[in-house]
Amino acid sequence: QDYTPDPNATPGGTITITYKDDVATLDPAIGYDWQNWSMIKSIFDGLMDYVPGTTELRPGLAESYEVSEDGTVFTFTLRQGVTFHNGREMTAEDVKYSLDRVTNPETQSPGAGFFASIAGFAEVESGAADSLSGVEVVDPQTIRITLSRPDATFLHVMGLNFASVVPREAVEEAGADFGKSPVGTGAFKLADWVIGQRLVLEKNEDYWRDGVPYLDGITFEVGQEPVVALLRLQQGEVDVPGDGIPPAKFQEVMDDPDQAARVVEGGQLHTGYITLNVSTPPFDQLAVREAVNMAINKDRIIQVINGRAVPANQPLPPSMPGYTEGFDGFAYDPEGAKAKLAEAGLGDGFTTQLYVMNTDPNPRIAQAIQQDLRAIGVDVEIRSLAQANVIEAGGAGEAPMIWSGGMAWIADFPDPSNFYGPILGCAGTGDGGWNWSKFCDESIDAMATEADSFTDPAAPERLEMWSEVYQQVMAQAPWVPVFNEQRYTMKSPRMGGDDALYVDPVSIPVNYDYVYVTE
Amino acid sequence: MIVPQQAIVAPLLSVQGLTISVRDRGVVRPLVSNLSFDLRPGETLAIAGESGSGKSITSLALMGLLPANVSVTSGQLLLNGVDLARLPETRMRPLRGARIAMIFQEPMTSLNPVQMIGAQLTEAIRAHEPVSQAEAKVAAIEALRQVRISEPARRMRQYPHELSGGMRQRVMIAMALALRPAVLIADEPTTALDVTVQREVLDLLRDLQAKTNTAVILITHDMGVVAETADRVIVMQSGRLVEEGTAAQIFAEPRAAYTRELLAAVPRLGAGAERAAPVPPEAPIPIARLTKASVHYDVGANFFGRPTHRVHAALGVSFDIRPGETFGLVGESGCGKSTIAKALAGLVPHHGLIEIGGKPTSSLKAHERKALRRDIQMVFQDPMAALDPRMKVGDAVEEPLVIHRIGTPAERRARVEDLFRRVGLSTEQMSRYPHEFSGGQRQRICIARALVLRPKLIICDESVSALDVSVQATVLALLQELKDEMGMSYLFISHDMAVVENVVDRLAVMYLGQIVEMGTRDQIFGNPQHPYTQRLLDAVPIPDPARRARDYLRPSGEPPSPLHPIGEAPTLADLIDIGGGHLVAKS
Amino acid sequence: MVDTAHVPLHAPAPAASVLRRLMRRKLALFGLAIIVIVVGGAIFAPWIVRYAPNEQLFEGLTMQGAPMPPGGEFLMGTDLLGRDLFSRMLYGARTSLIIGIVANGAALTIGTLVGITAGFLRGWVGAILMRFTDLMMAFPALLLAICLAAIFQPSLWIVAMVIALVNWVQTARVVYTETTSLAEREFIAAERTLGASGGRILFRHILPHLVPTLIVWGTLGISVTVLLEATLSFLGVGVQPPTPSWGNIIFENQTYFQAAPWLVFIPGAAILLLALAFNLVGDALRDVLDPTQRGRD
Amino acid sequence: MAGYLFRRVLQAALILLGVSFITFVLLYVLPADPVRQIAGRSATQQTVENIRQQLGLDQPLLVQYGRYLAGLVQGDLGRSYLQRTEVSTLIASRLPASLLLMAGGILCELVIGLTLGVIAALYRGRPLDQGLMVTSFVAVSAPQFVVGLLLLYVFAVQLGWFPIGGYGTAAHLVLPAVTLGIMGSGWYSRMMRSSMIEVLRQDYIRTARAKGLTRGRILFRHALPNAILPIIAMIGIDIGIFMGGIVVVESVFGWPGIGQLAWQAIQRVDIPVIMGVTMVSAGFIVLGNLLADIVTPFIDPRIKMR
Ligand SMILES: Nc1ncnc2c1ncn2[C@@H]1O[C@H](COP(=O)(O)OP(=O)(O)OP(=O)(O)O)[C@@H](O)[C@H]1O
Ligand SMILES: Nc1ncnc2c1ncn2[C@@H]1O[C@H](COP(=O)(O)OP(=O)(O)OP(=O)(O)O)[C@@H](O)[C@H]1O
Ligand SMILES: [Mg+2]
Ligand SMILES: [Mg+2]
Ligand code: NI
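This is the structure we're talking about:
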């Protein structure tokens, strides 16, 4: 089932979007930022795609695909007549080249790990081979991918930016600078890029999907403080603030009915949580972790961020398949928390540290957490540091507690497995790994592996299993899930298109291919 | 010179009942009271008087340049019948420089250091006359030629620091005279200059005045200068006029007691001969002995930062100072007098041999050197600069005792108090700061500080040059008195031949870092042999209007430079004894 | 003989007289009053405030999570966590005073020591010290601060030390230049002929002459260091939350300058006032300590 | 002269060498691993090690530094870890904007600061002088972020006189330059005031008055050139202080300069970029001081280049 575009949509016009941080690269194998994620989505295509505004998979460059019985062989039939921005037709060779490229260690792709289930990945990773043995070109229109183990998420992986198809000759010509002169098959192509200032995309007239995109071009202005961006939006100079509505302006915007009408709210595959390092005392005691879970007043924290979230009680966000409805989690209960502490022999409390990234509102949230914990006798020192330093402390296992905000897990793709692997599984506990709780339970890990070996990602038993995984995790309380952030964004009056396109769960912040302007 | 007929010529400038007051924290205090005098065209009027008597204030009032808190409170300043005191700034400005010009005491700081001479001159011309830049330049060069500056066209492009003091003062005069003002005020124009240069500048002023018929007000406290240049003289004391008359009258028959006092204090060349004290005999161990002592300063920098040139400030200097003797060192500015003093005091490294009390200074250990400091003390030229402005003078005098750990605090106190009384200051003044004293008083403080360690030798480097004649006389008397009493020796450095003659027993004449003549006072002053010594003596102004207008031997061009490229040293002139220890350089 | 002995005698003890003469100046008095109020407020904060500085009050936020404006229950309003701003300002004064006085003082001391030593000793010691100063000057201060603060875990004293390490350079330069010119002065030569040791000349004669310069740099440095601490907080390497400092109150809330102006302008005004107060007192102190100004005030 | 220049340039090079070494060491001991930033959260241990090896980050400090220096002397600043672009390209694309802003800021602080300083000196001790002194404190103590936002709000949003942030025309430059210059103008006005007061006391000013020059001429031809001398050395020092301010001002006004580049690089330990920006800004500071030293003798003929 495909997407029906807005019948009122009119082609033409250009829009302006602002970001605070610069766009690092548009190389789909490398780009992994808030800013470039959606740009890459519009410049490139992968074999798989999502229905706009939803988390539903649909075929992209692949016209159709077949999965073998055991779920380890995927055969994709490519669309015909798809051309790259340089005019050449895309073939199965390009798909193979692209997958080889992203997994090649030379490329230093942060997404290489997603392809670990493809046969031959280990050889490529270790440098023994320079081509994935599991990817075969059957004929120019057909490509066959063999997995070394069943992987239910594989189709989602093929929908990731990292799996975008790139033309070999353009990559080789640009060399290391491909990220600055990207060539893809997407709805837009790069027209102009002045580093540090502005990036202009223009419509790909030969785009293979009919009727889209509507816009003639998109201008991204970077280096704009979110507050300033909003001021410009209010003056009509900007169409969408890429970094959203800054907290400082939220109240003002919501209090003005005219502006509030243009605010779009949407769910997000996001959970904000506190990690409790289970390998160091006193968090090695379950009772202490439970106490912390019970001590946090999530409603108050949400109030502090102007109510832009909903309280969380489990790792998965509500819009994620596998979310356990009706799960109780830990209720706010300071007295109970004290009792738990006493049970652990820490009735007098203890002192610990909370690491937090230093951008607003994270230090504020940390202070709210600090106050909650003080109420049960736990003294928390806040370490508010740059992102890189927090990640380092977390990876090294030096941080007893980390507030995940700012570096939080926004799912790469809408599948429950995405919240487990590196951040809760045993694989991430090594030095430098992203499992900052250092939580490792072999039996849960086994269950997760089993769940991922299904062939159909949406199989109810599979989702059931994931639900079970996260319930068991919560039983050991290595995290304090605090809230699921809601996304609030704003658009200029002339912007048209479904609200869902502005809070697209995949193409963040806007699905450029389908929005349009009304004048 | 013909004194203009008073009855016929109307006064150009007439000052009537001038009172100038300062407003100080709400209190109005007069600085000059009820001063009246006239100035006629072409006349030179000298205003004499001790420091602080109001001479400069009067001239600033004439220029309309009084400081903000000082103003003319009554009286008139009539220039051609126009009252300058009542003139608004806009009407005063065109007169300044054009009708009435002024030369200041400090040639070193009176020119803008970052502007070329030419610009400063043409600017003055163009401020008053509607001429083009080129015309102004021609006029400026002409003005420089008038004041006998060599290569005037090149000087136009030079900066003040590239000129000597005498040349700068000549530039100032050229600037003042370029517009042919009716009145020229010269406020101590030569005080900061060497005798020889002073002589030139005074001659120049006189010549120019004769040519242009400018009326000159010459402010000075040097009665020698007054006698040589003035037609009429007024004498001021504490802001009041005490006497007025022609130069001849004032010098021949001074009426006011103060004038007589002033005249008596003037050191006169030849007066020293009357003092019949014998020259102290040679002793086995002299207080200090220099044998072929040399000092050089390295300047310039080449590619690697090494110096390229060397100033041979003192070269092969040999002399000794006997116990109880005052040894004089004379010569023009820059000839190396201070350098010798500094080498003796251990402030600059030297070559050759310097012995103090028989011990060579260069081989001393640190504590010995410190002990040596007790034996040699120095009194500098500028007492204000030589005292720490942030230290109470009592503490300053006590400090040497503290440094050398002598006595208990009470004993030290007693010694300092005693010294304060000895040099004629009161003990209450000990808790004041240097700026609260007059120049003469400050110099006494410096002397007290030098004396507190009971040294064997005191070096007086131009110690009285900056002082008023009257103050100078008292300080000199004090030095003599202390010497008689304590029996120490002095190394007395000065460029004023008259003063030197009055105080020293023996002396050496220096020129370009070398001694050109040395002997007893009588030998040098009675029988000067070296041409340079003779020139120095000739340049001294004589405080007697009857003996003015001697012809002065002008030196040709600039003195040679003591600066040599490294590796080249000037030749050493041999000294020959022409009898009785009178040494003269072979020329 | 001329004895211009018209200056009346100043007998009283120096300290008392300095204070007395300081008091005679209106502006200085005003400055002194501000300093006393701030210091007093900082010291007696626990007895003055109604709420603890770090207490996130339930009634301190609206239901939408907006802070309370000044007036009413909260004298200076509340901050974004519902804490009493007045209380945070008083406690923050402690931090800011430590930064502005201790860190700034340490920077001044280091700068003075380096500059004076280099200027007085010259030679290779001086050359090395000054080249090092040049190097530090060329080093982006903020980067140094960030690195140092990231290497040592930030605490108030570490931050103070970092600020001192970053801020001494300009002082060293200026002191160096002045010392070299002072060392040329004749009264220093006079001291040498008296046999004074290097240390004595430095501390008894050169240092007092640097006092005016040091006062100027010291007082100007107060606002600079307080703001630097704020910038460091902003970069996440300053005094760690929830410890308040005037600087970090501003930086935490700077984007709210429209929504909650009191959160920016009250601490901003406080820094300004404190800097102004120190400057006024410093200016007056400079005149009062200068003996050549005696009898003119 | 040539020798002097040569020695100064050599000195400057040594200073830069020192700066590069200190920065390198600091970044080396910094508790943050750039490889983690590159590898991303789903990377395996193997990938991490691969990247570390490829970047040579597994080598000892001195080897790494030596390599960096070797590149540096060939003008190679390395490649950004995160942007995967030549650092020199990144800097070159942003430097002009920063230089423009800096020039604007310096111009602004000199014009405001010197003018106010001269006026205060001329009205010394009067209410105007005291008012200006307070103003200068306000300027010195005002946090740049707040000043910037305030100016932006009032002059761009409310009054609409200037564009709201951005880069391009002269109108874009005004507000950021003023923001950057305000703090410095406070310093300069104080220094200019005392320098001017000192100069106005000098004998040559009296001489100029005695020549009958107008007040304006005395001020501009005689007093100002002398009073400005001590200020020149300050401008050299200033460039260093500006580098700090530029980060804040650029981010408020969306000015595409190296300040923003540096800030992002620091946040994410992009070592080559941090090094590059540090070297470039240190280069400018050294150059600024060098220029100040070279220019002074032209304005003040008494100073010899030595
Ligand atoms: N701006 C001023 N404020 C107060 N008193 C002043 C001021 N200028 C000068 N005086 C005082 O006026 C008196 C006369 O000073 P003036 O400079 O005219 O003396 P002078 O005769 O020129 O002395 P000298 O020979 O030292 O130049 C002195 O007592 C001096 O202290
Ligand atoms: N530190 C120095 N560096 C370079 N040259 C110097 C230095 N000190 C003095 N000179 C030079 O050495 C020479 C002798 O100077 P000195 O001060 O001994 O002269 P002086 O006879 O005392 O003159 P004055 O009468 O002006 O005091 C002069 O040419 C002077 O310029
Ligand atoms: Mg005078
Ligand atoms: Mg001398
Ligand atoms: Ni030698």
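Residue numbers (the working numbering), protein chains in the order written: chain A, 11 to 529; chain B, -8 to 578; chain C, 18 to 314; chain D, 5 to 310.
For glycine and all other residues, C-beta sits at the position ideal for the given N, C-alpha and C.
Which of helix, strand or coil DSSP assigns to residue i
i                      : result
residue 446 of chain A : coil
residue 201 of chain A : strand
residue 298 of chain C : helix
residue 34 of chain C  : helix
residue 310 of chain D : Note on residue 310 of chain D: pLDDT 43, under 50, position unreliable in the model; the coordinate value appears next. In the structure shown, residue 310 of chain D sits in coil (DSSP, three-state: anything other than H, G, I, E or B).
residue 547 of chain B : In this predicted model, residue 547 of chain B has a pLDDT of only 47, less than 50, meaning its place in the structure is not dependable enough to derive any value.
residue 257 of chain A : helix
residue 356 of chain A : coil
residue 272 of chain C : helix
residue 237 of chain B : strand
Exposure of residue i, with buried meaning 16 or more beta-carbon neighbours within 10 Å
i                      : result
residue 162 of chain D : exposed
residue 36 of chain C  : exposed
residue 249 of chain A : buried
residue 389 of chain A : exposed
residue 21 of chain C  : Note that residue 21 of chain C scores 37 on pLDDT, short of 50, meaning its location in the model is unreliable; the coordinates nonetheless yield the value given after this. Exposed is the call here.
residue 434 of chain A : buried
residue 201 of chain A : exposed
residue 68 of chain C  : buried
residue 547 of chain B : Model confidence at residue 547 of chain B stands at a pLDDT of 47, short of 50, so the residue's coordinates are unreliable; what they give is reported in the following sentence. Looking at its Cβ environment, which holds fewer than 16 other Cβ atoms inside 10 Å, residue 547 of chain B is exposed.
residue 49 of chain D  : exposed
residue 45 of chain A  : buried
residue 354 of chain B : exposed
Contacts of residue i in chain C (Cβ-Cβ under 7 Å)
i                      : result
residue 338 of chain B : 206, 209, 210
residue 376 of chain B : 202, 203, 204
residue 4 of chain D   : Here chain D covers residues 5 to 310 and nothing more, so residue 4 of chain D does not appear.
Contacts that residue i makes with chain D (C-beta to C-beta distance below 8 Å)
i                      : result
residue 124 of chain A : 46
Listed by chain order, chain A residues near residue i by CB distance under 7 Å
i                      : result
residue 253 of chain C : 368, 394, 395, 396
residue 54 of chain D  : 115
Contacts that residue i makes with chain E (C-beta to C-beta distance below 7 Å)
i                      : result
residue 296 of chain C : Among the protein chains in the structure shown, which are A, B, C and D, there is no chain E.
Contact list for residue i against chain B, beta-carbon separation under 8 Å
i                      : result
residue 213 of chain C : 390, 394
Item to check | Closer than 5 Å to ligand 2: residues, by C-beta to nearest heavy atom, in chain order | outcome: Having a Cβ closer than 5 Å to some heavy atom of ligand 2 are B/288, B/302, B/304, B/324, B/325, B/326, B/327, B/328, B/329, B/330, B/553.
Item to check | Uninterrupted beta strand (DSSP E) stretches inside the region 273 to 361 of chain B (no shorter than 3 residues) | outcome: 279 to 290, 300 to 312, 317 to 321, 342 to 347
Checklist entry - Mind pulling the beta strand (DSSP E) runs of 3 or more residues that sit fully within the region 83 to 153 of chain B? => result 91 to 94
Item to check | Unbroken stretches of the alpha helix (DSSP H), 4 residues or longer, contained in the region 423 to 455 of chain B | outcome: 430 to 442
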